[in-house]
Amino acid sequence: DKPVTLFELGKMRADGRKISMLTCYDASFAALLDRTGVDVALVGDSLGNVLQGQKSTLPVTIEHMVYHTECVGRGSKRTFVVADMPFGSYQESPAQALRNAARLMAAGANMVKLEGGAFMAETIHFLVERGVPVCAHIGLTPQSVHQLGGYRVQGRSEAGAAQLKADALALEQAGAALMVMEMVPASVARDVTASLTSMATIGIGAGPDCDGQVLVLHDMIGVYPGKKARFVKNFMIGATSIDEAVENYVRAVKDGSFPAPEHCY
Ligand code: KIV
Ligand code: NA
Numbered sequence: 007d008k009p010v011t012l013f014e015l016g017k018m019r020a021d022g023r024k025i026s027m028l029t030c031y032d033a034s035f036a037a038l039l040d041r042t043g044v045d046v047a048l049v050g051d052s053l054g055n056v057l058q059g060q061k062s063t064l065p066v067t068i069e070h071m072v073y074h075t076e077c078v079g080r081g082s083k084r085t086f087v088v089a090d091m092p093f094g095s096y097q098e099s100p101a102q103a104l105r106n107a108a109r110l111m112a113a114g115a116n117m118v119k120l121e122g123g124a125f126m127a128e129t130i131h132f133l134v135e136r137g138v139p140v141c142a143h144i145g146l147t148p149q150s151v152h153q154l155g156g157y158r159v160q161g162r163s164e165a166g167a168a169q170l171k172a173d174a175l176a177l178e179q180a181g182a183a184l185m186v187m188e189m190v191p192a193s194v195a196r197d198v199t200a201s202l203t204s205m206a207t208i209g210i211g212a213g214p215d216c217d218g219q220v221l222v223l224h225d226m227i228g229v230y231p232g233k234k235a236r237f238v239k240n241f242m243i244g245a246t247s248i249d250e251a252v253e254n255y256v257r258a259v260k261d262g263s264f265p266a267p268e269h270c271y
């Protein structure tokens with residue numbers, strides 16, 4: 007199969023074909039995502055929780071992210087690889103962000119992801135102009151967990167929803183091509199998605215009306231021992247292999263049956 011490109015992801019958004027994304031941290035699972043039809047492999051800093059046993063993503067370093075991006079890059083032939091910029095690796099300045107983004111791109115990423123709203127627009131513009139595609143991330147941004155006061159739904163109030171909408175527009179104008187929305191009421195995510203003209207939205211706990219969906223791999227195969235969030239579905243139930251579970255996830259994202267109302271806020 008042809009490699010998934012940013013151009014193809016833009017066409018999928020324009021055609022109303024859903025984008026399927028899963029996290030991935032190593033070459034074996036990268037090959038699995040490749041052969042099961044996942045569009046985007048996200049080397050998420052959730053590897054702090056999932057692989058390292060940390061309580062948050064804050065201790066994850068750029069060296070950790072480079073190592074896992076290399077692993078995933080070697081296993082991926084078709085999927086589009088996005089790598090998270092870890093806490094403290096991009097907030098200081100656009101120059102700092104470019105220096106660290108370049109390490110992830112050299113390691114095998116096709117795009118970098120960073121957390122934050124309109125205040126990150128200048129940095130995103132700086133990266134995109136210099137050839138680094140960017141995925142934004144708003145709503146529940148885990149690197150800000152101590153600022154947000156826990157892992158809670160974001161944008162529930164009218165003011166909060168308006169803020170998310172303004173942030174999304176600023177990020178789109180800055181040149182972000184994708185944007186993750188995490189733990190946002192489904193109605194708000196639908197409004198935000200409808201208000202955009204080019205940037206594709208990828209939801210996690212953000213309802214069915216985003217342009218795509220993402221889950222943490224270890225959550226959706228029931229391996230992560232932590233508390234299961236409302237938005238997680240265990241796709242191993244009813245599947246006889248991990249390949250089949252991931253294929254079922256891809257199909258459910260594509261046909262709009264995941265997320266169901268019980269996974270939404
Ligand atoms: O690190 C991660 O896994 C993420 C996804 C939850 C979007 O950022
Ligand atoms: Na992340």
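The opening position of the sequence shown corresponds to residue 7 in the UniProt record's numbering, with each subsequent residue numbered one higher.
The C-beta atom is built at its ideal place from N, Cα and C for all residues, glycine as well.
C-alpha distance - residue i paired with residue j, whole-angstrom precision
{"i": "R80", "j": "V138", "result": "20 Å"}
{"i": "A103", "j": "A37", "result": "29 Å"}
{"i": "L12", "j": "A183", "result": "8 Å"}
{"i": "V252", "j": "L39", "result": "7 Å"}
{"i": "V72", "j": "V220", "result": "21 Å"}
{"i": "K17", "j": "A176", "result": "22 Å"}
{"i": "S26", "j": "G228", "result": "18 Å"}
{"i": "S62", "j": "G22", "result": "34 Å"}
{"i": "N254", "j": "G211", "result": "18 Å"}
{"i": "E128", "j": "A180", "result": "7 Å"}
{"i": "L53", "j": "G155", "result": "21 Å"}
{"i": "M126", "j": "F264", "result": "30 Å"}
{"i": "M117", "j": "M189", "result": "23 Å"}
{"i": "R105", "j": "G209", "result": "28 Å"}
{"i": "Q160", "j": "A124", "result": "16 Å"}
{"i": "V194", "j": "H269", "result": "15 Å"}
{"i": "S201", "j": "M187", "result": "14 Å"}
{"i": "L64", "j": "H224", "result": "19 Å"}
{"i": "Q153", "j": "S247", "result": "40 Å"}
{"i": "C77", "j": "Q60", "result": "20 Å"}
{"i": "R196", "j": "A107", "result": "30 Å"}
Residue nearest to residue i in terms of C-alpha spacing, selected from the options
{"i": "V134", "options": "A101, G161, F241 and G50", "result": "A101"}
{"i": "E178", "options": "H131, A195, K239 and A115", "result": "H131"}
{"i": "R257", "options": "H74, T75, H152 and G43", "result": "G43"}
{"i": "E69", "options": "V49, S62, S263 and G123", "result": "V49"}
{"i": "Q58", "options": "Y271, P214 and P231", "result": "P231"}
{"i": "Y96", "options": "M205, F86 and R109", "result": "R109"}
{"i": "E164", "options": "P191, V10 and E250", "result": "P191"}
{"i": "N55", "options": "Y271, T246, N240 and K234", "result": "K234"}
{"i": "L120", "options": "R136, R105 and C141", "result": "C141"}
{"i": "S249", "options": "V10, E14, A20 and F35", "result": "The sequence given here places Asp at residue 249; Ser does not occur at that position. If we check each option's Cα against that of D249, F35 comes out closest."}
{"i": "E14", "options": "D225, Y271, S247 and S204", "result": "S204"}
Heavy atom of the ligand KIV within 6 Å of residue i beta-carbon
{"i": "T199", "result": "no"}
{"i": "V140", "result": "no"}
{"i": "V186", "result": "yes"}
{"i": "I210", "result": "yes"}
{"i": "V78", "result": "no"}
{"i": "T203", "result": "no"}
{"i": "V220", "result": "yes"}
{"i": "T42", "result": "no"}
{"i": "residue 4", "result": "In the structure as shown, the chain starts at 7 and stops at 271, and residue 4 therefore has no counterpart that could be examined."}
{"i": "T85", "result": "no"}
{"i": "T29", "result": "yes"}
7 Å Cβ cutoff met for residue i and residue j
{"i": "residue 282", "j": "Q149", "result": "Here the chain covers residues 7 to 271 and nothing more, so residue 282 does not appear."}
{"i": "T207", "j": "M242", "result": "no"}
{"i": "T75", "j": "A89", "result": "yes"}
{"i": "V259", "j": "K8", "result": "no"}
{"i": "P214", "j": "G145", "result": "no"}
{"i": "T29", "j": "V222", "result": "yes"}
{"i": "V198", "j": "A172", "result": "no"}
{"i": "A113", "j": "V87", "result": "no"}
{"i": "S82", "j": "A47", "result": "yes"}
{"i": "D217", "j": "R19", "result": "yes"}
{"i": "D45", "j": "V10", "result": "yes"}
Contact test: residue i Cβ vs the ligand SAM heavy atom, cutoff 6 Å
{"i": "T75", "result": "Ligands present in the displayed structure are limited to the ligand KIV and the ligand NA, and the ligand SAM is not among them."}
Residues whose Cβ lies closer than 5 Å to any heavy atom of the ligand NA, in chain order | G50, D51 and D90
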